[in-house]
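*Asks:* Per mature numbering (1 follows the signal peptide of the UniProt record, and there is no 0), the sequence shown runs over residues -23 to -1, 1 to 224.
Don't be surprised by glycine CBs; every beta carbon is placed ideally from N, CA and C.
Note that this is a predicted model, so its numbers are computed, not measured.
Input: one structure, supplied below.
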Amino acid sequence: MGLHSKYQVVLVCVLLLPALCLSQFTDSRATFYTRPDGGGTPTGACGFGDYGGTENSGWVAGVSDALWRGGAGCGACYQVRCKDTKLCSADGVTIAVTDMGSGDRTDFVMSLNGFLTLGVNPTASEQLRKNGTIDIQYRRVPCIFDGSNVKIKINENSRFPDYLAIAVIYVPGSNDVVSIQISNNNGRDWRPLRRAFGAVFDISNPSRGPFKVRVQFSGSQTWVESPNNVIPADWNVGAIYDSGIHA
Ligand SMILES: *[C@@H]1O[C@H](CO)[C@@H](O)[C@H](O)[C@H]1NC(C)=O
């Protein structure tokens, strides 16, 4: 895309008609899984841990290979609405991806609480639940439930100070985080992390923090650097840190 047309897109998307810049809906199918509280699973394949059970009010889902994108799809948000005009609310629900999984030709295996939000009322939702698998439409939308910065969490596999594994748990924009590096020298001597699994990137012998973080988003070669140190020297397993990076 030339610079000129890029500016036109920015103009239209940011200033004039943000709704026009959302992607089109895609037809698919969805089903659900049940946990005692109706929320998400704390053992999702993204590696979010407990956060994966409660984020976005527990409106979360496991997704098909196509939306999983080798783990890069973790943390993405999708607007999902079902298609039966009598039973389904027009806006549906926005879910966040925390897991991988599929049912019978589904793209989403939703937490029960998220799934039940698809109906126009509790009776309709109960009918959808009884149906098991339902026809839906979905589109990628920016996540908005936890601010506008990328957030990371120290994954439970980490061992201070020799092995650092971090999960990218919150991606507010419409692009995936595809690469991540850290610097303990104020933005010099960047060291790459390896995608271990799901949304988890790791590094052995990360040296002593604190660390700045920089990321690459899908569709761009540019590194976007945190304005400040993100991971403190005495980082803790399970801690969530705000990168200060806007998506
Ligand atoms: C319920 O399941 C049937 C059979 O798969 C399907 O044809 C129908 O569209 C589903 N209902 C809804 C509301 O999606």
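#1: Taking the alpha carbon of P13 as the point to measure from, which residue in G29, L89 and G39 has its own alpha carbon closest?
#2: Starting from F194, trace the beta strand (DSSP E) both ways and give me its first and last residue.
#3: Which one or two residues does DSSP pair with V127 in a beta bridge?
#4: Is N108 near ligand 1 - that is, is its Cβ less than 6 Å away from at least one heavy atom of it?
#5: Which residues bound the beta strand (DSSP E) around Q158?
#6: So does D42 have its beta carbon nearer than 6 Å to some heavy atom of ligand 1?
#7: Take D27 and list the residues in its own chain whose beta-carbon comes closer than 7 Å to its own, dropping the five residues that flank it on each side.
#8: Write down the C-beta distance between L93 and C59 rounded to the nearest angstrom, noting that I regard them as a contact closer than 8 Å.
#9: Identify every residue that forms a DSSP beta bridge with Q56.
*Replies:* Based on what the coordinates show:
#1: As a working mapping, residue 13 is identified with position 36 in the sequence shown. When each option's Cα is compared against that of P13, the closest is L89.
#2: Here the question's residue 194 lines up with position 217 in the sequence shown. Taken as a continuous stretch (DSSP letters only), the beta strand (DSSP E) holding F194 covers K189 to F194.
#3: Position 150 of the sequence shown, counted from the start, is the residue given in the question as residue 127. None, per the DSSP bridge assignment.
#4: Locating residue 108 in the sequence shown gives position 131, counting from the first residue. True, at least one ligand heavy atom lies under 6 Å from that Cβ.
#5: Indexing the sequence shown from 1 puts residue 158 at position 181. Element bounds for Q158: V154 to S160.
#6: On the sequence shown, residue 42 is found 65 positions in, with the first residue counted as 1. No, Cβ of D42 sits at least 6 Å from all heavy atoms of ligand 1.
#7: Here residue 27 corresponds to residue number 50 of the sequence shown, with the count starting at 1. These residues qualify, in order along the chain: P19.
#8: Numbered from 1 along the sequence shown, position 116 holds the residue referred to as residue 93. Numbered from 1 along the sequence shown, position 82 holds the residue referred to as residue 59. Rounded, the Cβ-Cβ distance is 11 Å, inconsistent with contact.
#9: Within the sequence shown, residue 56 is the residue found at index 79, counting from 1. Q56 is bridged to T71 and R116.
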